[in-house]
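Only one structure is covered here, and it is reproduced in the block below.
Protein chains in written order, with the numbering used here: chain A, 1 to 353; chain B, 354 to 706; chain C, 707 to 1059; chain D, 1060 to 1412; chain E, 1413 to 1765.
Structure below.
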């Protein structure tokens, strides 16, 4: 949790629009990749921040992908070239920002989380990805290299599919859609993990299982926080997108919205499942406890009276007639066996073992 | 649960409108049945997908039932003939889709779940059924053969009742109504199951009963998820149905809406019942535990002091006057009986047994 | 619960408007009573369903009370004479219907539950009562004879009070008001029952008390479900009643609305009370358990060490100096008394008894 | 609780507007006090109900205070003189009425609860106070003598402050404000009580403390019910007060509204506090139980094995070599001391004592 | 809690607008500091309340900071000079007031809490700070000296940044923003504290940890209460600020709003975390209890039967053949070792230790 918690206090008191990168510090260079395409032509290259203005106003569709937010200066230059609002740049750098859509006069700003399943135990990483879309250009900002957009890149390179035929808003839609599609991996992970935990939690409620439950619960809650505001992101684009979002794209955005709802429903469902698994854990624990108690009770209850009886005949009174009887010892054994049997029958009837 | 969980990740990254069937794979042929009727005539036959266009524009009412969604190609052909939106076809194939109504210019799309009680322990199966209704035609898409519409088929064959006399929107209403009517079987099942579990849960709270409670709880939650969005389906048809939904059908749709509310209320009620049964289970468990504890306490508390007394007279001191008394042994028995009686009276008063 | 659960599945698949009575089957005749009155004259008689049309269009106010819904044919005839909607008749017969108001062009339909406290343990019975009010006539449908309207009948017979002076909408208001007034008996019953259960639940939390709590809880939940939709019934009449509801009756309907809110508040209050009683029960149980545990601990902790000591001197070592001492036995008793006192003081200080 | 529960069933079936006093019966006379004032003159006297009409239409501001609602006849006469609605009078008499504002054409009706802290254990009493304000007159109805308005009376008598300078709506505001100000005493009482209970609940969770928690919890819930509807009372006066409420009073009513919100927030806060205290109680109980269990376990676990050992050497076998050893007895003591030390170290490490 | 609870009852009955300071009493002088600046010039000085009117109407921007609310007279004078509403002054003095924005004709009033982390265990202190902003002037009221605005003072003194270039509404925004930025310190504190508590709560659930959980929980709830109403404060300024809030400042206020939402989200997250930590605590407690129980059971169950056996051979019957056997003693030891091993195996298999 703490990794995703708000780490903005280092900025407290700084004036608004001050560009400070919040997130893990990196030292490698910021990488800027440009796709410049029309329905017939595509041009892909890495380039420097100063060259970007060439793409601002041309007739082609330009997708500029920025990998790495740690070099604040470069971001500032991009902002200047595309006339971006200072507070918007601040939002891009604040990698704990809530997903949101903001519609400006000449461009649209979208920020959301891209999820990634990693193989170690922390499970899921969230990386912030922001988009600024203007007339004919789209800039995407990522914290780190490695993303989910390779399918889109392939399609652009081969000029396949609908993307090259449509305007830049469709490219934005496709990228958002790809991000959201990847959320389904996470819900599947939750589902599988839930099933795995549930399998033997009741029979064997170990403290480790409880830890796993708590971890999963928190992951689900965190993921919910990532997904919930997305509904407004999608509906905001459709409703307030203005002239930058084509009429023909609305149907697709509605579809995106439905996918988000579906992810949301699935998370809610997982939440209920994990809550009921925790109930199972608690019931399992108390069940096991009861079992332990019953054994204790059965053993104690059988032997305590018998021990009393043998104690009686261990007393050293000079006058104890029974001890003198020839078969006294056997009689006592007989009595004790009768008591034993009686108790066993009693407990069996009570279904204690 | 996992069976109904979202299984869309296999599609992640595919462009929208790509037709991929999500669900269990089947190999048998897709079966297409056509009912073509007016108030006086009815014509029922199986046919190939290529023949369907004959029915697109004729004056009769045509109900085309498609059994099986696994052959994506056939679905694509249907889409072409009736000019259906690609994303709509995608929704039909995504059998985990949320129930919804979508109003297009020339047709209305409705998707919801058809429930079926099966005899094995998993209880309830949900099958997705989708409807596309245009001017004079209705196509229904089902995942598998076997449905709840036989009553409607009979009535059409015999030209009985209101269906042949009215437009196609009434047929759609009747089919939705039939699906919703079947939900009542499920709520009854919940009600009966609840009653069965409740009967002896408090007296005998076994772990198996808890499992049953958990299963039922989850079934109810899942079913709730199926029913809840239906309210918008029904009200959406009435409010936004446009010219495809006759004024005279509105009253029926309102009635459908009320039935959905009734199912919903009933589910909410079952949820509260199952929650209170779980409370009963927990109370029953702790009650039984207390009973066990009391027996242990009573036995221990009675015999521990007595064992101490007999221990005292088992000591081997050379000078223990009581052991020399002629009636010492009997006196000790007397004392122990008095202590025993005192304790029994004490426990009785405390109502411990 | 199960008695009030939805029992509509027997209708599944039947076309809408099919009149099937849902509820317990009866064989006695349906009884129809008619009050025909103006401000000056009153005429009360039992009559056959065929005679009712005499009252449809006359200038007097006519109240037709129908006792018994099991004869579907009679209901159908009434429907024909008063031109009632088929689905409306279906709603009247479906005795599990949610309370509602529906405004038609020429009449208003209201259905709600009439409560009755019975003397056996099930506590409260709900009977559905439906009203159809047209211009100058009011038909009330009850499942069984015996109702709460005798006060109104008396007042009409004696031409007392406001009813004879006003239009038929006031009669409807008075009948609804009487039904709602009877709800207060139920909230009082809940209140008394709660107080009775609470009195000794903490001191003596028996399993029977828990059963009572569960029963009461469920009764309250069920009653809540009866009352909650009534708010819309009352406000619906006031707002959408149209020309059939006089302006002067609005103030009374607002008053009725407030009474319903008051009942509602009272039920919510009872819910919180019963929930906190259940908390008390659980605390009481665990409290009693603790008491038991303490007794066990005190007795065990005192006697286990003492028993050890007497065990020591029961050993048969040939060389045990203490056993040879003349006062050894008394010294041991002394030591044991000191240990005993020490423990008693320790436990007293810990407030264990 | 039961004291405040709804006691209206005695009215069930009575026609609306029937004046029946609901509440404790009293026999002393109803006391009517009149303040008649302008900015310069004030006239205070007790008077009979018949004289009131003198004050209806004069130019001065008249405050009529009615102490006691048990004489229904007098109330009826007041109603006639000021042309009050019959249902309004019924609301005044129904001392369980929900706080509300109702705007009539010529007057405004406000009813709410006046709280009083009493010294016995029941804590807080609620008394209903109703206001009817017309053009130039204000009637206040109280159940019993003794109220919170003495400060206002003083100020009117001395013609101090704003009240004599303003219209009658300001007097109403000041009275409502005084009632609400007194609510702060109650929230303070809750706060103090919470602090008192919390102080030693965890260390010493007695059943009595639980009773106190339950009582306080219920008082808070009841008080919440008194305060919550007040928000609508205040905002209703401001928004719908019409010409009877001066524009200049609106700012004050907004202030009153904020005070009500503040009381509300404070109650919500107390609710959370009491809930967390109850958690503390439960944790404290289980904590104490664990402590008890640990003592039992430590004592039993130490002495049960030792008792076994001494038992061994209490056996009467003819051939037990150890018993013949000269130092056998001391060796056994040594072994037992070693076992004892080992266990003590084990338990210390486990932090069991 | 009680420190922040409502302490207004001392005012009950006082007329509205009476200036009474609610809060801790202080005796030192009220300190008034004035910053008077334009884009080019800045003038900073302490001054007396009487001199303030010089700044009311000049063309420069004036920020008047008032430290200390305990001198009611001075506040009254400020109110006169700037024509402030009496109820507004009352709100400033009531340091328990809910955060709010109120728009007057000639000025805007904002009140909220400034948080401060202190080093002792109470953790967080809330201090109320109020702002009144008119045309060209801003007055800030603080309870005590020491605030978070030193960064702003520096920037004004050096005429750096945007503040000197913009109107007074930007100064207000910057002050609010600084206050909100400091909230992030608190959420970090919560986050760190949560992590610290969580680390070993499960392994070692001490009562002290529970106390810490309770304290943190309550701090979070209190802080939530401080932050929640701020959303309306920020959006109120943007929407209803009128001509006093420049169009260009709207974007900044929206940014402020988003920061508040972020704090809010973070608090909600901490609430869920602390709740799940409390669950962990309870599970940890019951886990430890189970461990204790198991040890007790294992020890008791092993030794109670063995003790019985040695008791048997401690009996003094004259005829007990086994005791006469030469190897009887060793046979018994053998039997007891077999029983011991059997039990150890049994318990190992049950995973009890």
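Glycine residues also receive a C-beta, built at the ideal position from the N, C-alpha and C atoms. Computed from a prediction, not measured in an experiment: that's the story for all the values here.
- Using a Cβ-Cβ cut-off of 8 Å, residue 972 of chain C does not count as an interface residue toward chain B, since no Cβ of chain B sits closer than that to its own.
- In this structure, the alpha-carbon of residue 1379 of chain D lies about 39 Å from that of residue 1050 of chain C.
- Comparing alpha-carbon positions, the option among A:290, A:117, A:238 and A:291 lying closest to residue 188 of chain A turns out to be A:117.
- Membership of residue 749 of chain C in the beta strand (DSSP E) is indicated by the continuous run 748-752.
- Excluding sequence positions up to five before and after residue 951 of chain C, its CB lies within less than 8 Å of the CB of 814, 875, 943, 944 and 959, all in the same chain and listed in chain order.
- The Cβ atoms of residue 84 of chain A and residue 49 of chain A do not sit closer than 8 Å to each other.
- Sixteen is the threshold: when 16 or more other Cβ atoms of the shown chains lie within 10 Å of the Cβ of residue 288 of chain A, as they do, the residue is buried.
- Going by DSSP, residue 1045 of chain C is part of the alpha helix (DSSP H) stretching over 1034-1055.
- Rounded to the nearest angstrom, the Cβ distance from residue 35 of chain A to residue 56 of chain A is 15 Å, too far for a contact under 8 Å.
- Of C:953, C:736, C:1001 and C:1003, the smallest CA-CA separation from residue 848 of chain C is found for C:736.
- For the C-beta of residue 87 of chain A, the chain E residues within less than 8 Å are, from N- to C-terminus, 1663, 1664 and 1667.
- Residue 1192 of chain D is bridged by DSSP to D:1167 and D:1197.
- Chain A places a beta carbon closer than 8 Å to that of residue 1692 of chain E, counting this residue as a contact.
- Contact annotation: the segment 1251-1266 of chain D touches the segment 1324-1341 of chain D, with at least three C-beta pairs closer than 8 Å.
- In the displayed model, residue 32 of chain A falls within a strand according to three-state DSSP.
- Looking at the backbone, the Cα of residue 862 of chain C and that of residue 1105 of chain D are separated by about 44 Å.
- Taking all protein chains in view, the Cβ of residue 1196 of chain D is crowded by 16 or more other Cβ atoms within 10 Å, so the residue is classified as buried.
- Using a Cβ distance threshold of 8 Å, residue 1023 of chain C and residue 1372 of chain D count as a contacting pair.
- Against chain E, the beta carbon of residue 303 of chain A has neighbours under 7 Å at 1716, 1717 and 1720, listed in chain order.
- Boundaries of the beta strand (DSSP E) around residue 101 of chain A: 100-103.
- Residue 248 of chain A counts as exposed, since fewer than 16 other C-beta atoms from the protein chains shown sit within 10 angstroms of its C-beta.
- Using a CB distance below 8 Å, the part of the segment 1600-1631 of chain E facing chain D consists of 1616, 1619, 1622, 1623, 1626, 1629 and 1630, ordered along the chain.
- The shortest C-alpha to C-alpha distance from residue 543 of chain B to any of B:664, B:575, B:497 and B:415 is the one to B:575.
- Contacts with chain E at 8 Å (Cβ-Cβ) include residue 16 of chain A.
- By the Cβ-count criterion, residue 1157 of chain D is buried, with 16 or more other Cβ atoms from all chains shown falling within 10 Å of its own Cβ.
- Neighbours of residue 177 of chain A in chain B, taken as residues at a C-beta separation under 7 Å, are given in chain order as 369.
- Scanning its chain for C-beta atoms nearer than 6 Å, with the 5 sequence neighbours on each side dropped, one finds around residue 1504 of chain E the residues 1542 and 1553, in chain order.
- Distance from the CA of residue 203 of chain A to the CA of residue 1761 of chain E, rounded to the nearest whole angstrom, comes to 14 Å.
- Residue A:226 holds the alpha-carbon nearest to the alpha-carbon of residue 1678 of chain E among A:241, A:304, A:226 and A:302.
- If you draw a 10 Å sphere on the C-beta of residue 1451 of chain E, you find fewer than 16 other C-beta atoms in it, and that means exposed.
- In the three-state DSSP reduction, residue 1316 of chain D falls in the helix class (H, G or I).
- Within the segment 104-115 of chain A, not one residue has a Cβ closer than 9 Å to any Cβ of chain E.
- Residue 636 of chain B has its alpha-carbon roughly 52 Å from the corresponding atom of residue 1388 of chain D.
- Residue pairing by DSSP places residue 1174 of chain D opposite D:1185 in a beta bridge.
- At a cut-off of 8 Å between beta-carbon atoms, residue 317 of chain A makes contact with chain B.
- If you draw a 10 Å sphere on the C-beta of residue 1122 of chain D, you find 16 or more other C-beta atoms in it, and that means buried.
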